[in-house]
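**Student:** Numbering-wise (the working numbering), the sequence shown opens with residue 26 and increments by one. I have a structure here, written as structure tokens, and I will follow up with some questions on it.
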Amino acid sequence: MSNWVLGLTGGIGAGKTAVSNALAEKGITIVDADVIAKQVVAVGSSGLQAIVDKFGAAILHTDGTLDRAKLRAIIFADEPSKTWLEQLLHPMIRHEILSQLKDATSPYVVLSAPLLFENHLDKLCDHTLLVDVPEAIQLARTAARDGVSTEQVKNIIAAQMSRSEKQKRANTILNNDKSLTDMYNELEILHQNFVSIAVNHSTSA
Numbered sequence: 026m027s028n029w030v031l032g033l034t035g036g037i038g039a040g041k042t043a044v045s046n047a048l049a050e051k052g053i054t055i056v057d058a059d060v061i062a063k064q065v066v067a068v069g070s071s072g073l074q075a076i077v078d079k080f081g082a083a084i085l086h087t088d089g090t091l092d093r094a095k096l097r098a099i100i101f102a103d104e105p106s107k108t109w110l111e112q113l114l115h116p117m118i119r120h121e122i123l124s125q126l127k128d129a130t131s132p133y134v135v136l137s138a139p140l141l142f143e144n145h146l147d148k149l150c151d152h153t154l155l156v157d158v159p160e161a162i163q164l165a166r167t168a169a170r171d172g173v174s175t176e177q178v179k180n181i182i183a184a185q186m187s188r189s190e191k192q193k194r195a196n197t198i199l200n201n202d203k204s205l206t207d208m209y210n211e212l213e214i215l216h217q218n219f220v221s222i223a224v225n226h227s228t229s230a
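Rendered as structure tokens:
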């Protein structure tokens, strides 16, 4: 029996983490694509070894962990290296995501990914939920949270899929431009709905 999968995404500063944490507190399994992306290049992993074989030991910090800033600089300057890295890591990440989705035992399972649509991970989902706020709120929240300039945040937003395109692709939109209490109340209604859809899915599967 396959689990009913809810894809969760949102632009930077939209509140996706607050939503996934709230669902985790309700007992829902969260499969986090960002966490998995870090796991596949952890110390001792075959992913990290392949990167070292390709780029040399200088790609590591002194503690043996991957120097992400150095790797990022290399792949942004060299398209073939970027392609090589994607071909190495994307299948590993996808395999681990599928494994965790399959093993989940909660009423439904959440696949959380900031680049859900960009990386075509929405194809692994039965339904998608976009946590959405106006860009002005994204800028203010992220600048305050990360201590970075609004200019830097604007660049990050510009590099992601546009807000309007995400809105078009998402099955459900959770507007998170009010208080946290409002968001939690709306999320509770959505959660109950997702549980009932998932139960119907499992009985008809």
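Even glycine gets a Cβ: it sits at the ideal position worked out from N, Cα and C.
Compute the Euclidean distance between the alpha carbons of L31 and P159, then round it to the nearest angstrom.
**Tutor:** Looking up residue 31 in the sequence shown gives position 6. Looking up residue 159 in the sequence shown gives position 134. C-alpha separation (whole angstroms): 23 Å.
**Student:** Can you give the Cα-Cα distance for P132 and H145, rounded to whole angstroms?
**Tutor:** Within the sequence shown, the letter at position 107 stands for residue 132. Within the sequence shown, the letter at position 120 stands for residue 145. Roughly 24 Å separates the two Cα atoms.
**Student:** Within 10 Å of its beta-carbon, does P139 have 16 or more other beta-carbons around it, so buried, or fewer, so exposed?
**Tutor:** In the sequence shown, the residue the question calls residue 139 occupies position 114. By the 10 Å Cβ count, P139 comes out buried.
**Student:** Sort V156, A161, M186 by Cα distance to A47 and report the nearest one.
**Tutor:** If you number the sequence shown from 1, residue 47 lands on position 22. Looking at the Cα atoms, V156 is the closest of the given residues.
**Student:** Helix, strand or coil for D157, going by three-state DSSP, please let me know.
**Tutor:** By one-based count along the sequence shown, residue 157 stands at place 132. Strand, per DSSP.
**Student:** So, for G72: in the same chain, excluding its five sequence neighbours on each side, which residues have a beta-carbon less than 7 Å away from its beta-carbon?
**Tutor:** Within the sequence shown, residue 72 is the residue found at index 47, counting from 1. Cβ within range, chain order: V65, V66, L113, L114, M117.
**Student:** Output the boundary residues of the alpha helix (DSSP H) element that contains I118.
**Tutor:** Start at 1 with the first residue of the sequence shown, and residue 118 comes out as number 93. That run of the alpha helix (DSSP H) goes 104-128.
**Student:** Which two residues bound the contiguous alpha helix (DSSP H) that contains V60?
**Tutor:** Within the sequence shown, the letter at position 35 stands for residue 60. Where V60 is concerned, the enclosing alpha helix (DSSP H) starts and stops at 58-64.
**Student:** Residues in its own chain within less than 6 Å of A168 by CB, not counting five upstream and five downstream?
**Tutor:** Translated into the one-based positions of the sequence shown, residue 168 becomes position 143. Taken in chain order, the residues that qualify are T175, V178.
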